[in-house]
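First comes the structure, then the notes that go with it.
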Amino acid sequence: MENALKVKDLCAWFGNHQVLNNITMDIRRHAVTSVMGPSGCGKSTFIRCLNRMHDLTPGFRVAGEVLFDGRDIYSEKIDPVLLRRKVGMVFQQPNPFPRMSAFENVAVGLKFNGKKRSRSELAEAVEKSLRMAALWDELKDHLDRLGSSLSGGQQQRLCIARALAVEPEVLLMDEPCSALDPVSTAKIEELIEDLSDKYTIVVVTHNMQQAGRISDYVAFFLLGDLIEMDKAARIFTNPADKRTEEYITGRFG
Amino acid sequence: MTRKAGDNPKDLLFEKTTAVFAFGVLFLAFLLFALLVRESLPAIRKFGAAFLVTKTWDPVAESFGALPFIYGTLVSSFIALLIAVPLAVGSAIFINEFAPEWLKTPVAFLAELLAAIPSVIYGLWGIFVLVPVLRDWLMKPAASYLGFLPLFKGPVYGPSMLAAGMLLSIMIIPFILSVSREVLATVPRLQKEAVLSLGGTHWEMIRIVIGQHCIPGIFGATILGLGRALGETMAVTMVIGNRPDILLSIFQPGYSMAAVIANEFTEATGELYLSALVEIGLVLFLLTFVVNFAAKWILKTMVSRAARGL
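For the protein sequence lines, the chains are A and B, in the order given. Last residue of the first sequence: 253 in our numbering, with the numbers rising by one and none dropped. Last residue of the second sequence: 310 in our numbering, with the numbers rising by one and none dropped.
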């Protein structure tokens, strides 16, 4: 199947305030899709709909469909807990568990839902995830360091390793670099490109240069509407909509 | 000190007046302490440090030791914590994390209302309801089946260390509950979302964020409850049995520091008797002071950690 996720007429409300208006888009498997737009355009709200992260927010409501493996994730038959193991997430602020060691941080998701694994299985999974997150060489001799003692960039890569450890198919990243310095940002961007061989990645960003560097596809959001979505090269050179052009040439946003 | 309101003499007068009131409170506390020390001097001179570890309490022979009361206070408070902490923390988790919105406020309000009931009312309820129920439904069966264990040895009278501990537990639940709720509310949202995003269940989310963020705060709440339990007088006096003895069985009567002062102060005739009672008060004062101070300190370090986003 070409598409990992199909979004159909997705609307979302916080209370009576509608924040997403009839979003329809396909998210290509094993590619990087950027969701770009000015603050308040609904881009974060949108990707948090893709793993039902809003479930605990009082007053939040969606309409429309999000198809994952051909099934609507908002149907009653879907267990959000199992869905989130398949659709992982990395957040804007690095959020490692502060009092767990780096090792435990990566291993924690593997122990959820009553799963028992031997110490060696865990060690293997942790090493694999840390290697994928380009953190193994830095941390292999310091796996007992607390999550809170790492640098910001390391914390964010630790969070990526933690998300990868549970072997998701899709990785949602909500402005993963906005709290990081340029060097850490470059590392994460490189990582995103490497990971897109095996994972479907959706990245929220308000940074056009970043979207240009890392994306295969770009979706441009404005005030809760999806203005257009296309291959990255097309969006940045020859956008179909005037508003997209105004945004990428810096005339607003 | 910075002067915020310029040199306006009225502001200055106001500032000085409030300062006098503020230091007045401190001075009163110091005065209380000094008075306790002065009045206990005869007993301190006579018995020295042995007062704290002597078991005898014999007003006729004028031989006094505080150990049974210290023991009673500590054991009844410990039983209270053992019951109250799981109940209060469990309720806090339920109210904050599971209860539907319409249920949160009434449940929290009613639970915290427990703190407003006068302790003599608790005592009466203890005598007429708690003690008979405990005696007939818990202590008698337990003593007959588990009586071979020193902890549950009979004979069963009713008024006992266990009754005092249980009554105290109900009295301190509101304090532990409300602090625990505040502690749970300080958990950063991103930490909860981290657990959910990894495919954790609601329960796993609670377990992890409590382990990562709430243990010091819940510990502080526990110490706060302990502080209340140590000093509680009236309700304990009415159900603990008032026997100055050290018995391992929690079904047996005991005595607490606050209770012995309340009971015997009016009939303490000799100077030494009175002085010994005041010294018990001094010990209790120091104990609760240390416990409350520790609680404040623990809560403060926890809050500053939360502020740093850890």
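We put the beta carbon where it would ideally sit given N, CA and C, even for glycine.
Short CB-CB distance (under 7 angstroms) between residue 46 of chain A and chain B: no
I need the straight-line Cα distance from residue 118 of chain B to residue 230 of chain B, nearest angstrom please. Residue 118 of chain B and residue 230 of chain B: Cα-Cα distance of roughly 17 angstroms.
Taking C-beta to C-beta, are residue 295 of chain B and residue 223 of chain B nearer than 7 angstroms? yes
Only counting the same chain, and skipping five residues up and downstream in sequence, which positions put a Cβ closer than 6 angstroms to that of residue 235 of chain A? 218.
By DSSP, does residue 209 of chain A sit in helix, in strand, or in coil? helix
With respect to the alpha helix (DSSP H) encompassing residue 131 of chain B, which residues constitute its N-terminal and C-terminal limits? 131 to 134
Coarse secondary structure for residue 160 of chain A, derived from DSSP in three states: Residue 160 of chain A carries a helical assignment under DSSP once its states are collapsed to helix, strand and coil.
Taking 7 angstroms as the CB-CB cut-off, is residue 91 of chain B touching chain A? Judged by the 7 angstroms Cβ criterion, residue 91 of chain B is not in contact with chain A.
Can you tell me which of B/280, B/102 and B/250 puts its alpha carbon nearest to the alpha carbon of residue 154 of chain B? B/250
Count the other C-beta atoms from every protein chain shown that fall within 10 angstroms of the C-beta of residue 259 of chain A, then say buried if there are 16 or more, exposed otherwise. Because residue 259 of chain A is not part of the residues shown, which for chain A are 1 to 253, the question remains open.
Selected residue, minimal CA-CA separation from residue 34 of chain B, among B/301, B/292, B/283 and B/300: If we check each option's Cα against that of residue 34 of chain B, B/283 comes out closest.
In terms of residue numbering, what span does the alpha helix (DSSP H) encompassing residue 69 of chain B cover? 67 to 93
Inspect the beta-carbon positions of residue 239 of chain B and residue 163 of chain B and report whether they are closer than 7 angstroms. yes
Who are the near neighbours of residue 147 of chain B in its chain, counting only those whose CB is closer than 6 angstroms to its CB and skipping five residues on each side? 153 and 154
Alpha-carbon spacing of residue 137 of chain B relative to residue 81 of chain B, whole angstroms: 22 angstroms
4 or more residues per run - each alpha helix (DSSP H) lying fully within the stretch 163 to 222 of chain A: Counting only runs of 4 or more, we get 182 to 195 and 208 to 214.
If you measure from the CB of residue 44 of chain A, is any heavy atom of the ligand FAD nearer than 6 angstroms? Looking at this structure, you won't find the ligand FAD or any other ligand, since it has none at all.
Under 7 angstroms, do residue 46 of chain A and residue 20 of chain A count as touching if we go by C-beta distance? yes
Would you say residue 85 of chain A faces chain B, with C-beta separation under 7 angstroms as the test? yes
Note down the Cα distance separating residue 26 of chain B from residue 188 of chain B, rounded to an integer number of angstroms. 37 angstroms
Whether residue 14 of chain B touches residue 256 of chain B by CB criterion (7 angstroms): The answer is no: Cβ separation not under 7 angstroms.
Please list the terminal residues of the continuous beta strand (DSSP E) segment that includes residue 231 of chain A. 225 to 231
Cα-Cα separation between residue 183 of chain A and residue 41 of chain A, rounded to whole angstroms: 28 angstroms
Does any C-beta atom of chain A lie closer than 7 angstroms to the C-beta of residue 198 of chain B? Taking Cβ atoms only, chain A reaches closer than 7 angstroms to residue 198 of chain B, which makes this a yes.
If you measure beta-carbon to beta-carbon, which residues of the stretch 162 to 180 of chain A are closer than 9 angstroms to chain B? 162, 163, 165, 166, 168 and 172
With 16 as the cutoff for other CB atoms within 10 Å, does residue 309 of chain B come out buried or exposed? With a pLDDT of only 48 at residue 309 of chain B, under the threshold of 50, the placement of this residue in the model should not be trusted, and no figure is reported.
Do residue 254 of chain B and residue 72 of chain B have their C-beta atoms within less than 7 angstroms of each other? For residue 254 of chain B and residue 72 of chain B, yes; Cβs fall inside 7 angstroms.
Candidates B/214, B/244, B/219 and B/197: closest to residue 161 of chain B by CA position: B/244
At a Cβ threshold of 7 angstroms, is residue 221 of chain A touching chain B? no
Could you check if residue 279 of chain B is buried or exposed, using at least 16 other CB atoms within 10 Å of its CB as the buried criterion? buried
First and last residue of the beta strand (DSSP E) that includes residue 23 of chain A? 17 to 28
Let's test the definition: count the other Cβ atoms within 10 Å of the Cβ of residue 16 of chain A and tell me whether it reaches 16, buried, or not, exposed. Only exposed fits residue 16 of chain A, as fewer than 16 other CB atoms lie within 10 angstroms of its CB.
List the residues of chain A that residue 201 of chain B touches, going by C-beta distances under 9 angstroms, in chain order. 81, 112 and 113
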